[in-house]
Amino acid sequence: MKTLIIAEAGVNHNGSLQLAKKMALAAKQAGADIVKYQTAVPELVISRFAQKADYQKAATGDGESQLDMVRRLHFGFDAHRELKKYCDSIGIQYLSAAFDLPSVEFLASLDLPLIKVPSGEITNLPYLEAVARQHKPVLLSTGMCELGEIAAALGILNRGGSGEVTLLHCNTEYPTPDTDANLRAILELRDNFNCPVGYSDHTRGTEADVAAVALGARVIEKHFTLDKQMEGPDHKASLDFDELCEMVSAVRRTERLLGSGHKHVSASERPNIAVARKSIVAKRAIRAGEVFSAENLTVKRPGDGISPMHWYEVLGRTAVRDFAEDEKITL
13 MKTLIIAEAG
23 VNHNGSLQLA
33 KKMALAAKQA
43 GADIVKYQTA
53 VPELVISRFA
63 QKADYQKAAT
73 GDGESQLDMV
83 RRLHFGFDAH
93 RELKKYCDSI
103 GIQYLSAAFD
113 LPSVEFLASL
123 DLPLIKVPSG
133 EITNLPYLEA
143 VARQHKPVLL
153 STGMCELGEI
163 AAALGILNRG
173 GSGEVTLLHC
183 NTEYPTPDTD
193 ANLRAILELR
203 DNFNCPVGYS
213 DHTRGTEADV
223 AAVALGARVI
233 EKHFTLDKQM
243 EGPDHKASLD
253 FDELCEMVSA
263 VRRTERLLGS
273 GHKHVSASER
283 PNIAVARKSI
293 VAKRAIRAGE
303 VFSAENLTVK
313 RPGDGISPMH
323 WYEVLGRTAV
333 RDFAEDEKIT
343 L
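What the sequence shown shows, in our numbering, is residues 13 to 343, in sequence order.
Below is the structure:
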């Protein structure tokens, strides 16, 4: 099954529509299926008393409030509408995560195939009800969550009539320490909730994404940037373009490596059966009329004769002709 790869532009466009379009093109060129942004009316999301997260302070300093930072990094609905048209024109799916009710309604007006619920909204009941009313498939990030909170959110979405929900395992720290990635939680989410599971990754590098696919993740979401040195909260925890290309390539190779899951002889190895397996052969010269026994038979390569699995069926039979040492036995 093909993994859905989401290149998370987020707010790494720094509020520039031109840069957001360049990121869409880069995501397309890297081979991602979707390029994803964030849509918000900042004043409806963040109070003027809200502090920045520690990782945001480390990346952007402590000289402005969280609200001021988000105002600076977001653009309005009209810009998102234009960005969606641009994505359509270059052949990559536009997606954005809404952070407030007007943004949910706006994104619904764009008739997107999916709704992305960010981790911070998973306990926002009115928001989840609004998402469910769109009756679209949902990607639900589960950062900062306990199982009970996920179950409660799923209940709201399902009762409200949402489409299929895919849970994205996530750790909401940028970057996520390796010791907190906890990729085996992908299996727990799948087994507990009986729904598709993916991974929204904030670790450094791409190894976690490959491991997540091997564990069964059907969606991979990963932040990327065009320049890690740009100012902004997420650039340093993001992949650059070359790394994004490497991640997409690694995920696609992992899909090929995983295969169908059915154990069978593959086309590539079939010619090696005769080379690697063994046949019943003469241990020494055998004359016609001799009885085959453990003293005059052995097993050696190649494996294009009688299989050693028929050893006891051959013992006690009589040689119908002479056999030279190492010659394959025929009956």
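Every residue, glycine too, gets a C-beta built ideally from N, C-alpha and C.
Endpoints, alpha helix (DSSP H) assigned at residue i
i, result
"serine 121", "113-121"
"valine 82", "78-85"
"aspartate 239", "Aspartate 239 -> no alpha helix (DSSP H), and no H or E assigned at all."
"methionine 35", "29-42"
"leucine 95", "89-102"
"alanine 224", "219-226"
Which residues DSSP lists as bridging residue i, in chain order
i, result
"lysine 48", "Glu20, Leu107"
"leucine 180", "Ser153, Gly210"
"valine 347", "In this structure the chain extends from 13 to 343, so residue 347 is not present and cannot be described."
"phenylalanine 205", "Paired residues: none, contrary to the question."
"phenylalanine 335", "Ile298"
Cβ pair residue i, residue j closer than 8 Å
i, j, result
"leucine 151", "valine 231", "yes"
"isoleucine 162", "leucine 140", "no"
"tyrosine 106", "tyrosine 186", "no"
"glycine 73", "aspartate 246", "no"
"alanine 286", "aspartate 316", "yes"
"glycine 132", "threonine 178", "no"
"leucine 56", "proline 130", "no"
"isoleucine 17", "valine 263", "yes"
"threonine 154", "histidine 181", "yes"
"glutamate 94", "leucine 29", "yes"
"threonine 237", "serine 250", "yes"
"cysteine 99", "valine 143", "no"
"valine 293", "aspartate 338", "yes"
"alanine 19", "alanine 52", "no"
Where residue i sits in the DSSP three-state scheme
i, result
"isoleucine 168", "helix"
"isoleucine 162", "helix"
"glutamate 200", "helix"
"valine 277", "coil"
"leucine 270", "helix"
"serine 131", "helix"
"serine 59", "coil"
"leucine 251", "strand"
"isoleucine 285", "helix"
"arginine 145", "coil"
"proline 320", "helix"
"aspartate 74", "coil"
Buried or exposed by the 16-neighbour rule on C-beta atoms within 10 Å, applied to residue i
i, result
"leucine 50", "In the sequence as presented, leucine is not what sits at residue 50; that position holds glutamine. Glutamine 50 comes out buried."
"aspartate 192", "exposed"
"leucine 269", "exposed"
"aspartate 221", "buried"
"valine 332", "exposed"
"alanine 306", "exposed"
"asparagine 284", "exposed"
"methionine 259", "buried"
"valine 82", "buried"
Residue range of the unbroken beta strand (DSSP E) whose run includes residue i
i, result
"isoleucine 327", "The sequence as given places leucine at residue 327; isoleucine does not occur at that position. Careful: leucine 327 lies outside any beta strand (DSSP E) and carries neither H nor E."
"glutamate 302", "That residue, glutamate 302, is in no beta strand (DSSP E); it is neither H nor E in DSSP."
"valine 231", "231-235"
Check: residue i C-beta below 7 Å from any heavy atom of the ligand MG
i, result
"glycine 172", "This structure lacks the ligand MG; in fact it carries no ligand of any kind."
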